[in-house]
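Student: Take a look at the following structure, please.
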Amino acid sequence: MGTIAVTGAASGMGASVAARLTGQGHRVIGVDLRGTDVEADLGTPEGRAAAAAEVTRLADGRLDGFVPFAGISGGAGRPASLLVSVNYFGAIGLLEGLRPALAAAGQSSVVLASSNSMTTQPGWSPELAAACLAGDEDAARTLADELPDDGGVLTYPATKAAIAYYTRTRAADHIADGIRLNAIAPGFIDTPMTRAGRKDPRIAAGIEAFLASVPAARAGRPEEVAELVLFLLSAKSGYCVGTLMYCDGGLDAKVRGLDWPKVLTPRP
Numbered sequence: 003m004g005t006i007a008v009t010g011a012a013s014g015m016g017a018s019v020a021a022r023l024t025g026q027g028h029r030v031i032g033v034d035l036r037g038t039d040v041e042a043d044l045g046t047p048e049g050r051a052a053a054a055a056e057v058t059r060l061a062d063g064r065l066d067g068f069v070p071f072a073g074i075s076g077g078a079g080r081p082a083s084l085l086v087s088v089n090y091f092g093a094i095g096l097l098e099g100l101r102p103a104l105a106a107a108g109q110s111s112v113v114l115a116s117s118n119s120m121t122t123q124p125g126w127s128p129e130l131a132a133a134c135l136a137g138d139e140d141a142a143r144t145l146a147d148e149l150p151d152d153g154g155v156l157t158y159p160a161t162k163a164a165i166a167y168y169t170r171t172r173a174a175d176h177i178a179d180g181i182r183l184n185a186i187a188p189g190f191i192d193t194p195m196t197r198a199g200r201k202d203p204r205i206a207a208g209i210e211a212f213l214a215s216v217p218a219a220r221a222g223r224p225e226e227v228a229e230l231v232l233f234l235l236s237a238k239s240g241y242c243v244g245t246l247m248y249c250d251g252g253l254d255a256k257v258r259g260l261d262w263p264k265v266l267t268p269r270p
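Just so we're aligned: the sequence shown equals residues 3 to 270 in this note's numbering.
Structure below.
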């Protein structure tokens, strides 16, 4: 059994992951704004640094797994820049702070949270995703806040695309330290965050249309996502490196059926 840190552990998918890991006998270090082992605001550099230090202390400097699932939606009138800081930098900044502890385990696994919105929702900014991937939080926040009204709706998929890009482009670097880096791309999952979105008059109609288009004809359940995460954390997925796994009721396949895979165009 190992020691695994989970952010967003107080509710939703993070809570489901934490509960299943605990049920399997793992030691879970939960991170959230309140009600967990480590209470921190991952939307700020100071909060991430404090969380990294405290998780490392509680783990005695050795961490077998990390599941950064803390995140917020684009509704509820939040500044778009807040999504940048929480959804992308809150995950990646803390991952980088915990990298020494993950490397110390010798064989560890990280499962990042992307989203199928990056491939099923049009109109998000590639420039915003690129700024996130470049690690330029100030530039990414500025780009997000320059988006039209309700820019958070477009910022959300951009941050999740950046998570996918990070997973794909940094996996080889991490595995050199014994850290397997993978990500999942959930679709519409029944969580407190998505329930709140269905009540937000600015985005509720879009959410219902989105959900109606899902081939599985229902929302996903947090425990379904948790089972996929547990697989990616386990030795059973030991050859999965840089993998992005969808868990979205078939929507990405419906929307992009012939768009992927494509013939490789070699880069110079």
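C-beta: ideal position from N, C-alpha, C; glycine also.
Can you give me the Cβ contacts of G49 inside the same chain, cut-off strictly under 7 Å, excluding the 5 residues immediately before and after it?
Tutor: Looking up residue 49 in the sequence shown gives position 47. Closer than 7 Å at the Cβ level, and outside the excluded window around G49, lie A42, D43.
Student: Between S111 and L23, what straight-line distance do the alpha-carbon atoms span, to the nearest angstrom?
Tutor: Translated into the one-based positions of the sequence shown, residue 111 becomes position 109. Translated into the one-based positions of the sequence shown, residue 23 becomes position 21. S111 and L23: Cα-Cα distance of roughly 14 Å.
Student: Can you give me the Cβ contacts of L230 inside the same chain, cut-off strictly under 8 Å, excluding the 5 residues immediately before and after it?
Tutor: Numbered from 1 along the sequence shown, position 228 holds the residue referred to as residue 230. Excluding residues within five positions, the ones whose Cβ falls inside 8 Å are I186, M247, C249.
Student: Suppose only complete runs of 3+ residues qualify. What are the beta strand (DSSP E) ranges in the stretch 91–145, listed by chain order?
Tutor: Fully contained in the stretch 91–145 are the following beta strand (DSSP E) runs of length 3 or more, in chain order: 110–115.
Student: What does DSSP give as the partner residue(s) for I2 in the beta ladder?
Tutor: Residue 2 lies beyond the stretch modelled for the chain, which goes from 3 to 270, so this question has no answer here.
Student: Name the residue from E56, A178, G222, E210 whose alpha carbon lies nearest to the alpha carbon of G244.
Tutor: Counting from one through the sequence shown, the residue named residue 244 turns up at place 242. Checking every option, the nearest Cα to that of G244 belongs to A178.
Student: According to DSSP, simplified to helix, strand and coil, what is G32?
Tutor: To locate residue 32, count along the sequence shown from 1; it is residue 30. G32: strand per DSSP, three-state reduction.
Student: Going by DSSP in three states, Y241 sits in which element: helix, strand or coil?
Tutor: Mapped onto the sequence shown, residue 241 falls at position 239. Three-state DSSP puts Y241 in coil, outside helix and strand.
Student: Going along the chain, which residues of its own chain have a beta-carbon closer than 8 Å to the beta-carbon of G252, five neighbours each way excluded?
Tutor: Along the sequence shown, read from residue 1 onward, the residue named residue 252 stands at position 250. Excluding positions up to five away in sequence, the list reads V216, P217, A218.
Student: Tell me the rounded alpha-carbon separation between Q109 and G153.
Tutor: As a working mapping, residue 109 is identified with position 107 in the sequence shown. As a working mapping, residue 153 is identified with position 151 in the sequence shown. Distance between the alpha carbons of Q109 and G153: 40 Å.
Student: Just to confirm my understanding: we take S18, look at its own chain, exclude 5 residues before and 5 after, and list those with CB closer than 6 Å. What are they?
Tutor: Within the sequence shown, residue 18 is the residue found at index 16, counting from 1. Cβ within range, chain order: P224, E225, A228.
Student: Leaving out five residues before and five after A52 in sequence, what residues of the same chain have Cβ atoms less than 6 Å from its Cβ?
Tutor: If you number the sequence shown from 1, residue 52 lands on position 50. These residues qualify, in order along the chain: A42.
Student: Where does the unbroken alpha helix (DSSP H) through P194 begin, and where does it stop?
Tutor: The residue labelled residue 194 in the question sits at position 192 within the sequence shown. That run of the alpha helix (DSSP H) goes 194–201.
Student: With C-beta atoms as the reference, is R197 less than 7 Å away from A206?
Tutor: In the sequence shown, the residue the question calls residue 197 occupies position 195. In the sequence shown, the residue the question calls residue 206 occupies position 204. Cβ atoms of R197 and A206: not closer than 7 Å.
Student: A255: buried (16+ other C-beta within 10 angstroms of its C-beta) or exposed?
Tutor: Numbered from its first residue, the sequence shown carries residue 255 at position 253. Exposed.
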